[in-house]
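Trainee: Heads up: the sequence shown runs through residues 934 to 1205, numbered per my numbering. Note that the Cβ used here is the ideal one computed from N, Cα and C, for glycine as well.
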Amino acid sequence: MTFYPELVAVNSEIADTENPHKLLFCCLGSGSKGNATLVKYADTTVMIDCGFTYKHTIAQLEAFDIDPQSLDAVLVTHEHSDHIKGVRTLSRKLNIPVYLTHGTARSDKIKGAPELQYLVPDVALRIKDIEIIPVTVPHDAHEPCQFLLRAQGRQLGVVTDLGSISGHVQHMFDGCDALVLEANHDVQMLRTGPYPPSLKHRVESDWGHLSNEQAVAFLDALPTLPSRLVLAHISEKNNCLNVVKNTFQRFESRIPTVVYACQNKGFDWLEV
Ligand SMILES: [Zn+2]
Ligand SMILES: [Zn+2]
């Protein structure tokens, strides 16, 4: 897969995707137009969210060398369409179970999926080789969660939609070896940007999305920084790559790998 060079890792690395004993992750695309993250360990591959059409998802899976039939589960964070758009069709066509909370399952967009498995927030479950903890987050959906994933003593945190950093989020995502963290908007760009006032208010509220500065504050409050950091769910209208890079530059001397996720291309495989 070819990435736009300006969107790839600051300190680039090549993940050993052939080694089954590595916990790996990559992303098919990230932002307000759609999100999907893959996590792989040994014989297990799970997808977190599927916010793209079935056709686009299959094309992206093939670009990342993943056989769509090998997916073991789709984990859904919440029912906003940039996370759920392709879930039902993917699940139906490939017969993949969908893991989600009762609140998320009430959405019309999920009805008709062949197999639903219910997540209990903050209670761990295992899908084959990967342990998964759905973590309650403040976001304006019905029972939303984000995820911690563990295998072989390594821990990945994926936290892409939250309006504020609760004590619970700060506690649960401490100690991650790799972290995918939302850096949704620059506050000034949002306030002066094209969104209608009600949407601006929603995004900036405690139940909307994290600004660059809120993401920085979250990292600053972590006792231990991750060794891989991906800034994700970057708004194309209310943020820009140069602003994000300038904001997070200060972590580049302390975090070996910093990656900026792209709406169209996501990011390439990384080891946790
Ligand atoms: Zn959302
Ligand atoms: Zn979203």
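1) Quick one, what's near ligand 2 if you take every residue whose CB is closer than 5 Å to any heavy atom, in chain order?
2) Do you know offhand how far Thr978's Cα is from Arg1087's?
3) Sorted by chain position, which residues of the same chain lie with C-beta nearer than 6 Å to Val1176's C-beta, five sequence neighbours on each side aside?
4) Can you check whether the CB of Tyr1128 is closer than 8 Å to the CB of Asn1172?
5) Report, in whole angstroms, the separation of the C-beta atoms of Ser1160 and Ala1111, which I expect to be a contact under 8 Å.
6) What ranges does the beta strand (DSSP E) occupy inside the region 1082 to 1167, keeping only unbroken runs of at least 3 residues that lie completely in it?
7) Would you mind sorting Gln1147 into buried or exposed? The rule is 16 or more other CB atoms within 10 Å of its CB.
8) Where does Ala1038 fall in DSSP's three states?
9) Using 8 Å for Cβ pairs, my map puts Gly1165 next to Ser1014. What's the rounded Cβ distance?
10) Quick one: what's got a C-beta closer than 6 Å to His1011's C-beta in the same chain, skipping five residues either side?
11) So does His1101 have its beta carbon nearer than 7 Å to some heavy atom of ligand 1?
12) Identify whether Arg1025 lies in helix, strand or coil by the three-state DSSP scheme.
13) My output table needs one value for Val943: the three-state DSSP class, helix, strand or coil.
Mentor: Reading from the atomic positions:
1) Asp1015, Asp1094
2) Rounded to whole angstroms, the gap between the alpha carbons of Thr978 and Arg1087 is 16 Å.
3) Cβ within range, chain order: Asp1119.
4) no
5) 7 Å
6) 1087 to 1092, 1111 to 1115, 1161 to 1165
7) buried
8) helix
9) Reading the sequence as shown, one finds Ala at residue 1165 and not Gly. Contact flag wrong, Cβ pair sits at about 17 Å.
10) Closer than 6 Å at Cβ, skipping near neighbours: Thr1037, Ala1074, Pro1077.
11) It does not: the Cβ of His1101 is nowhere closer than 7 Å to a heavy atom of ligand 1.
12) helix
13) Residue placement at Val943 cannot be trusted, given a pLDDT of 42 that sits under 50; what the coordinates show is reported in the next sentence. Of the three classes helix, strand and coil, the one that applies to Val943 here is coil, per DSSP.
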